[in-house]
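So the protein sequences, as listed, match chains A and B.
With my numbering applied, the first sequence corresponds to residues 16 to 214, in that order.
With my numbering applied, the second sequence corresponds to residues 16 to 214, in that order.
Using N, Cα and C, we set each Cβ at its ideal position, and we do this for glycine too.
Being a predicted model, the structure only gives us computed values, none of them experimental.
Beneath this line is the structure, given in structure tokens, with notes to follow.
There are 2 protein chains.
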Amino acid sequence: MDALETMIKTLSRLPGLGPRSGRRLALYLLGEKEKNFGPLVQILQEALDKVETCPECGNVDVQSPCKICSHPQRVQSELCVVADVSDLWAMERTHMYKGRYLVLGGLLSALDGKTPEDLNLSGLRQYMAGGQVKEVILALNATVEGQTTAHFIAEELSRYDVKISTLAHGVPVGGELDYLDEGTLQTALHRRRPLELVA
Amino acid sequence: MDALETMIKTLSRLPGLGPRSGRRLALYLLGEKEKNFGPLVQILQEALDKVETCPECGNVDVQSPCKICSHPQRVQSELCVVADVSDLWAMERTHMYKGRYLVLGGLLSALDGKTPEDLNLSGLRQYMAGGQVKEVILALNATVEGQTTAHFIAEELSRYDVKISTLAHGVPVGGELDYLDEGTLQTALHRRRPLELVA
Numbered sequence: 016m017d018a019l020e021t022m023i024k025t026l027s028r029l030p031g032l033g034p035r036s037g038r039r040l041a042l043y044l045l046g047e048k049e050k051n052f053g054p055l056v057q058i059l060q061e062a063l064d065k066v067e068t069c070p071e072c073g074n075v076d077v078q079s080p081c082k083i084c085s086h087p088q089r090v091q092s093e094l095c096v097v098a099d100v101s102d103l104w105a106m107e108r109t110h111m112y113k114g115r116y117l118v119l120g121g122l123l124s125a126l127d128g129k130t131p132e133d134l135n136l137s138g139l140r141q142y143m144a145g146g147q148v149k150e151v152i153l154a155l156n157a158t159v160e161g162q163t164t165a166h167f168i169a170e171e172l173s174r175y176d177v178k179i180s181t182l183a184h185g186v187p188v189g190g191e192l193d194y195l196d197e198g199t200l201q202t203a204l205h206r207r208r209p210l211e212l213v214a
Numbered sequence: 016m017d018a019l020e021t022m023i024k025t026l027s028r029l030p031g032l033g034p035r036s037g038r039r040l041a042l043y044l045l046g047e048k049e050k051n052f053g054p055l056v057q058i059l060q061e062a063l064d065k066v067e068t069c070p071e072c073g074n075v076d077v078q079s080p081c082k083i084c085s086h087p088q089r090v091q092s093e094l095c096v097v098a099d100v101s102d103l104w105a106m107e108r109t110h111m112y113k114g115r116y117l118v119l120g121g122l123l124s125a126l127d128g129k130t131p132e133d134l135n136l137s138g139l140r141q142y143m144a145g146g147q148v149k150e151v152i153l154a155l156n157a158t159v160e161g162q163t164t165a166h167f168i169a170e171e172l173s174r175y176d177v178k179i180s181t182l183a184h185g186v187p188v189g190g191e192l193d194y195l196d197e198g199t200l201q202t203a204l205h206r207r208r209p210l211e212l213v214a
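Right under this line is the structure:
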């Protein structure tokens, strides 16, 4: 296989791409080598060299420990447990959470063969051993795997004197009731709350 | 902007990708640096170094002139004119055409501001000046731009003693009449042909 075939095959196997989009991407890059392809390779090489996994929380960043772990204003008493780095970034985009994070590195899943050994539990224990954490927020997917993992982590944390909370379930903002599944609507009804009237 | 942000932004702008899939791809690569990211950068660097645009036909290949142009068994009397390299590859996947190619580098388009100066007409003239070409096959999209370009190229070729043909229009193989547009069906009816009974 020559360099061109290898390139197309490799691109086609990237997540979100297929044979057609892989070919298209290859031709786009090769069509404007100086403008697009050269800079891309340079940018990727730099990211490959500089970006590291944070040894404390599991985030990826150009510095180690990451910007969040080394930020002096981050609240040390709150720990948000997420499955993946993408979830950590989703939480950060809310600009609401000011505590620290722990990336588990996945969720327990019998189907995918993910067991407790595959989760970053030692990292969690290390955080807890520090003694500063007062609340652990389990920000895990509202799926079977996410909830199983949440219960497992809660069990793990039962030996520490710490408040454990999870994200609220309910109607998504902007969501229409007609399109919601019964489970979400049941939870939203069950956890209904007094209407807050803005004065 | 640091190396990580630059990487995500650059990936998000690639054709077929967006902010979400760009982030996803970045995390996929950074998650397994040795297994996925390192090899990808190496493969792209190699393609960047080795793949060139063929000076004769406009194809991209690891050799110059490309494998098709330098192939001794390719019929020199047939020239297939295509808009882009992707169309050349599509033709090659049929394994039916054994002649040579010319990549125009686009189609005439008033909307996109593509004029005859943007097409590789000098390459076409060079082929024709060789005197070996007996048939030119215009394998261009069955769109307004494609057909405009086909007529323009036919005009250009009128000074040479050469047969000009285009791809057949009609019902796509596997196509259902009910889903076809009227134009295709009209053309297919107009160009109907005697049924060939296999003995």
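_Within 8 Å, strictly: CB atoms of B:L59 and A:M16_ = no
*What do you get for A:V100, buried or exposed, if any count of 16 or more other CB atoms within 10 angstroms of its CB means buried?*
buried
_Residues of chain B with CB closer than 7 Å to the CB of A:I58, please, in chain order._
T21, M22 and T25
*Bridge partners - B:C95, DSSP secondary structure assignment*: B:Y116 and B:I152
*Residues of the segment 64–81 of chain A with Cβ closer than 7 Å to any Cβ of chain B, in chain order*: K65, V66, V75, D76 and V77
*Beta carbon proximity, B:G128 to chain A, threshold 8 Å*: no
*Is DSSP giving A:K129 helix, strand or coil here?*
strand
*B:S36 lies in the alpha helix (DSSP H); which residues open and close that run?*
P34 to G46
*Would you mind stating whether B:I83 and B:R115 have Cβ atoms separated by less than 8 Å?*
yes
*Given a cut-off of 8 Å, decide if A:T130 and A:L123 are closer than it, judged by their beta-carbon atoms.*
yes
_Cα-Cα separation, A:E61 to B:G46_ = 16 Å
_Is the separation between the beta-carbon of B:L155 and that of B:A165 shorter than 8 Å?_
yes
_For A:E170, list the residues DSSP reports as bridge partners._
Note: A:E170 sits in no beta bridge, so no partner.
*asked:* Please report the straight-line C-alpha distance between A:L139 and A:L117, rounded to a whole angstrom.
replied: 7 Å
_Please tell me whether A:L40 and A:L26 are closer than 8 Å, where the distance is taken between their beta carbons._
yes
*Can you check whether the CB of B:S85 is closer than 8 Å to the CB of B:Q78?*
yes
*Where A:K113 meets chain B, residues with beta-carbon distance less than 9 Å*: Near A:K113 there are no residues of chain B at all, since even the closest Cβ is about 21 Å away, more than 9 Å.
*asked:* Can you tell me whether A:V188 is buried or exposed? The criterion is at least 16 other CB atoms within 10 Å of its CB, across all chains shown.
replied: exposed
_Between A:K48 and chain B, is any beta-carbon pair separated by less than 8 Å?_
yes
*Mind checking whether B:L192 and B:L200 have CB atoms under 8 Å apart?*
yes
*DSSP on A:S137, reduced to helix/strand/coil?*
helix
*Using beta-carbon positions only, say whether A:I168 and A:V97 come within less than 8 Å of one another.*
no
_Rounded to the nearest angstrom, what separates B:E170 and B:M106 at their Cα positions?_
24 Å
_Bounding residues of the beta strand (DSSP E) (the contiguous stretch that carries B:I83)_ = Run containing B:I83: none; DSSP gives neither H nor E here.
_Does chain A have any CB closer than 8 Å to the CB of B:D102?_
no
*CB contact flag (A:K65, A:R89, <8 Å)*: no
*Segments of 3+ residues assigned as beta strand (DSSP E) that fall wholly inside the segment 156–205 of chain B*: 178–181
*Anything in chain B within Cβ reach of A:F52, meaning under 7 Å, just list it in chain order.*
L63
*Please determine, among B:N135, B:E160, B:T181 and B:L63, the residue with the shortest C-alpha to C-alpha distance to A:G53.*
B:L63
*What separation, rounded to the nearest whole angstrom, lies between the Cα atoms of B:V148 and B:Q141?*
11 Å
*Indicate whether B:G31 and A:S36 have their beta-carbon atoms separated by less than 8 Å.*
yes
*asked:* Could you give the first and the last residue of the continuous alpha helix (DSSP H) run that contains A:G53?
replied: G53 to K65
*asked:* Could you tell me the alpha carbon to alpha carbon distance between B:G121 and B:E160, rounded to whole angstroms?
replied: 9 Å
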